[in-house]
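Engineer: Quick one: structure below, then a few questions.
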Amino acid sequence: MKRKTLKLLLSCCLLFGMLPWGASAATPPESVIYGGGPFYAGGTATMNDLRQSGFTTVMLWTIHVNANGDLYYNDQKVVSNGAYVGKASWPSELATLKQAPTSVKRLEISVGSWGVNDFQNIKDLIAAQGTGTTSILYKNFSALKNAIGGDAISFDNEDLYDVNSSAAFGNMLAGLGYKITLCPYTNVSYWQSVKSQLGTKVDRIYLQVYDGGAGNNPSTWSSQLGMTVMPGLDSKTSSRGNTPAQVNSRMSAWKASAGIAGGFIWYYDAILNNPSGGSAADYAAAINGALGSPSSGSIATGGTVTASQGGSPSGEEKEKAFDGSSATKWLIFAASGWIQYQFGSNAAYAATSYSITSANDYAARDPKNWTLLGSNDGATWTTLDTQTNQTFASRFQTKSYSFGNTTAYKYYRLNVTANNGGAELQIAEIGLYL
Ligand SMILES: [Ca+2]
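If you want the numbering used here, it's the position in the sequence shown, counting the first as 1, plus 18.
Below, the structure written as C-alpha cells:
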C-alpha cells in the first residue's frame with residue numbers, strides 16, 4: 019500500500035518535472051570505507067574527515083585474535099583479560115562518527131586478514147574453552163563491544179576455512195548484539211556454509227574485487243551466496259588501483275549487471291598516501307553517485323560553468339571546479355571572484371546543500387567569505403547562504419553547508435568576496451546536492 023502511494027507520488031512529480039530521476043525512490047546506497055592505522059591514531063581530525071566524507075559505513079580494519087585471546091587492532095593491543103587496554107581516547111573518538119552532521123550510519127569491526135592465524139586461533143580457543151560467558155573469546159569481544167561499540171563484526175577470513183568454528187564464533191558475536199558480515203575473495207563453498215549456518219545474523223556480504231579477488235564477478239557471487247554482495251575496489255596508488263572515475267564506472271556497470279546497492283573502498287590509508295588520486299569524499303561520491311539517486315552525489319557536473327575569470331590556462335580552468343574530482347582545481351589571479359553553474363537542458367533543481375573542497379597547497383588561496391546565490395535567468399539572484407571567516411584545515415578538505423531551500427534554480431553562483439590572504443583564489447571542487 020505504501021509502495022503504491024509512493025509510486026503514484028513519484029509519477030506525479032515526474033509529470034511536473036519536479037524530480038529528474040525516477041530512481042529517486044530507491045534505497046540510498048551504502049558506501050563503505052576500510053581503514054587501518056589512521057582510524058586508530060588519527061584522532062578527531064580523522065573522525066571529522068570520515069563524517070564529512072559521504073561514506074555511510076566505517077570499517078575498522080582489522081582486529082587480530084592472538085592465541086591467548088588478546089585482541090589487537092593491527093599492532094596495538096586493545097583488549098586483554100576481558101578488559102579494554104587500548105588508547106584511552108579511542109572509544110570517545112569513534113563515538114563521534116555517528117554524531118550529526120555526519121554521513122556515517124554504521125561502524126563495523128573487521129576480524130582477520132591475509133597471512134595471519136586469527137581464525138586458527140579462534141578455532142583453537144573455541145575447542146579449548148567454548149564460547150560461553152567465561153571463555154576468554156566471549157569476555158574479550160564483550161569488552162571490545164562495551165568500549166567501542168560497533169554494529170557488526172566482519173569476517174575477513176583468509177587463513178582457515180573451518181565452518182563450524184566460524185559459525186560458533188558468529189553465534190557468540192550475535193549474542194553480544196553484533197550483526198555479522200562476510201568479506202570473501204575466494205572459497206565460495208566455505209562462505210556458503212557459514213552464511214547458511216548463521217542465517218539472518220548475516221546482514222551484508224562484501225566481495226573483494228582486487229588482488230586475489232580481482233576476477234570476481236559480483237553477479238555470480240550474489241547468486242551463489244543468496245544475497246546481493248557489495249563489491250569492493252582498491253583506491254588508486256602509484257602502482258595499482260582505481261581512480262574515483264574508474265570506481266564510478268565499475269560500480270555503475272555492476273549496478274546494471276548485478277543490481278548492487280552498495281560497495282566499498284580499500285582503503286583509507288592508501289587514499290591519504292596518494293592525495294593526487296582523489297580524497298575519501300571523492301571515492302564516496304563515486305560509489306554514491308553510481309548507485310544512488312542524485313541526492314547522494316553532486317548534481318553539478320556536466321553543465322555550463324561561467325566565472326569572473328576563466329582560470330589559469332595551465333589546466334586550472336573554471337570547469338575544473340565542477341568536474342567531480344578534488345584532484346583538479348579552478349585558480350584565478352585575484353583574491354575574490356565568482357563562479358556559477360548552469361544545469362544542462364534548461365533544467366532547474368532545488369539544491370538544499372553544497373560543498374566546497376579546498377585545493378589548499380597554499381592555504382591563503384582558499385575562499386574565506388562568500389555567498390551562494392540562485393537564479394533562473396542568470397541576471398536576478400537570490401542569496402541562499404552566507405559564510406564568513408572560513409578556513410580549510412587540510413588539503414582536499416571538503417566542507418558542506420546546508421540551507422533551507424525548496425525553490426528550483428537553473429543557476430547557482432558562488433560569489434567569493436575574500437580569500438584567506440593570498441593574491442590568488444583557488445577551489446578544487448564545488449558540489450550541489452538535492
Ligand atoms: Ca575539480
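All residues carry an ideal CB built from backbone N, CA and C; glycine is no exception.
Name the two residues that bound the continuous beta strand (DSSP E) containing residue 387.
Structural biologist: That run of the beta strand (DSSP E) goes 385-393.
Engineer: With burial defined as no fewer than 16 other Cβ atoms inside 10 Å of the residue's Cβ, what is the status of residue 338: buried or exposed?
Structural biologist: Answer is buried; the Cβ neighbour count reaches 16.
Engineer: So for residue 191, helix, strand or coil by DSSP?
Structural biologist: Helix, per DSSP.
Engineer: Pull up the distance between the alpha-carbon of residue 49 and that of residue 125, whole angstroms please.
Structural biologist: Roughly 12 Å between the two C-alpha positions.
Engineer: Looking at ligand 1, does it come within less than 6 Å of residue 393, judged from the CB to the closest heavy atom?
Structural biologist: False, no ligand heavy atom lies under 6 Å from that Cβ.
Engineer: Rounded to whole angstroms, how far is the Cβ of residue 73 from the Cβ of residue 64, which I believe are closer than 8 Å?
Structural biologist: Going by Cβ atoms, the distance from residue 73 to residue 64 rounds to 12 Å, so no, they are not a contact pair.
Engineer: Is any heavy atom of ligand 1 found at a distance shorter than 6 Å from the C-beta of residue 447?
Structural biologist: Because some heavy atom of ligand 1 lies under 6 Å away, the Cβ of residue 447 counts as near it: yes.
Engineer: Taking DSSP's pairing of strands, which residues face residue 416 in a bridge?
Structural biologist: Bridge partners of residue 416: 375.
Engineer: Please state the DSSP three-state secondary structure of residue 58.
Structural biologist: Reduced to three states, the DSSP call for residue 58 is helix.
Engineer: Taking the alpha-carbon positions, what's the residue 83 to residue 98 distance?
Structural biologist: If you take the alpha carbons of residue 83 and residue 98, they lie about 10 Å apart.
Engineer: For ligand 1, any of its heavy atoms closer than 6 Å to the Cβ of residue 338?
Structural biologist: Yes; taking the cut-off as 6 Å, the Cβ of residue 338 has a heavy atom of ligand 1 nearer than that.
Engineer: Do residue 331 and residue 276 have their C-beta atoms closer together than 7 Å?
Structural biologist: Contact flag unset, no.
Engineer: For the beta strand (DSSP E) containing residue 280, name the first residue and the last one.
Structural biologist: Residues 280-284.
Engineer: Ligand 1 and residue 319: does any heavy atom of the ligand fall closer than 6 Å to the residue's C-beta?
Structural biologist: No, since every heavy atom of ligand 1 falls outside the 6 Å radius drawn around the Cβ of residue 319.
Engineer: Which first and last residues belong to the alpha helix (DSSP H) in which residue 295 is found?
Structural biologist: Taken as a continuous stretch (DSSP letters only), residue 295 belongs to no alpha helix (DSSP H), as it is neither H nor E.
Engineer: Quick one: Cα of residue 217 to Cα of residue 200, how far?
Structural biologist: C-alpha separation (whole angstroms): 12 Å.
Engineer: Give me the DSSP bridge partner(s) of residue 445.
Structural biologist: DSSP lists 348 as partners of residue 445.
Engineer: At which residue ranges does the region 96-159 contain complete beta strand (DSSP E) runs of 3 or more residues, listed in the order of the chain?
Structural biologist: For the region 96-159, whole beta strand (DSSP E) runs of length 3 or above, ordered along the chain, are 124-129.
Engineer: Can you list, in chain order, the residues of its chain whose CB lies under 7 Å from that of residue 349, leaving out five sequence neighbours each side?
Structural biologist: So the list reads 329, 330, 334, 442 and 444, once near-sequence residues are dropped.
Engineer: Please report the straight-line C-alpha distance between residue 270 and residue 246, rounded to a whole angstrom.
Structural biologist: If I take the Cα positions, the gap works out to 15 Å.
Engineer: Could you please give me the residues that DSSP links to residue 431 through a beta bridge?
Structural biologist: Paired residue(s): 358 and 391.
Engineer: For residue 264 and residue 231, I'd like the C-alpha separation in whole angstroms.
Structural biologist: Their Cα atoms are separated by approximately 17 Å.
Engineer: Please list the terminal residues of the continuous alpha helix (DSSP H) segment that includes residue 273.
Structural biologist: That run of the alpha helix (DSSP H) goes 262-276.
Engineer: Just to confirm, are residue 375 and residue 416 a CB contact at a threshold of 7 Å?
Structural biologist: Going by C-beta atoms, residue 375 is nearer than 7 Å to residue 416.
Engineer: Got a sec, what are the start and stop residues for the alpha helix (DSSP H) residue 199 sits in?
Structural biologist: First-last for residue 199: 197-200, but that is the beta strand (DSSP E), not the alpha helix (DSSP H).
Engineer: Taking buried to mean at least 16 other C-beta atoms within 10 Å of its own C-beta, is residue 119 buried or exposed?
Structural biologist: So residue 119 ends up on the exposed side.
Engineer: Check the C-beta distance from residue 305 over to residue 281 and give it rounded, since I have them as a contact under 8 Å.
Structural biologist: Correct: roughly 5 Å between the Cβ atoms.
Engineer: Between which two residues does the alpha helix (DSSP H) carrying residue 236 extend?
Structural biologist: Where residue 236 is concerned, the enclosing alpha helix (DSSP H) stretches over 236-243.
Engineer: Quick one: what does DSSP say residue 216 is sitting in, helix, strand or coil?
Structural biologist: Looking at residue 216 - three-state DSSP - the assignment turns out to be helix.
Engineer: Does the beta carbon of residue 343 fall short of 6 Å from some heavy atom of ligand 1?
Structural biologist: Under cutoff, so the answer is yes.
Engineer: Give the C-beta separation of residue 144 and residue 183 to the nearest angstrom, bearing in mind that I take them to be a contact with Cβ-Cβ under 8 Å.
Structural biologist: Residue 144 to residue 183, Cβ: 5 Å. Contact.
Engineer: Return yes when the C-beta of residue 416 is under 6 Å from any heavy atom of ligand 1, and no when it is not.
Structural biologist: Every heavy atom of ligand 1 is 6 Å or more from the Cβ of residue 416, so no.
Engineer: If you measure from the CB of residue 64, is any heavy atom of ligand 1 nearer than 6 Å?
Structural biologist: No, ligand 1 has no heavy atom inside 6 Å of this Cβ.
Engineer: Following the continuous beta strand (DSSP E) through residue 402, name the residue where it begins and the one where it ends.
Structural biologist: Here the beta strand (DSSP E) through residue 402 covers 400-405.
Engineer: Closer than 6 Å to a non-hydrogen atom of ligand 1 - does that hold for the CB of residue 75?
Structural biologist: For ligand 1, not one heavy atom lies less than 6 Å from the Cβ of residue 75.
Engineer: Does the separation of the CB atoms of residue 77 and residue 52 fall below 7 Å?
Structural biologist: Yes. Within cutoff.
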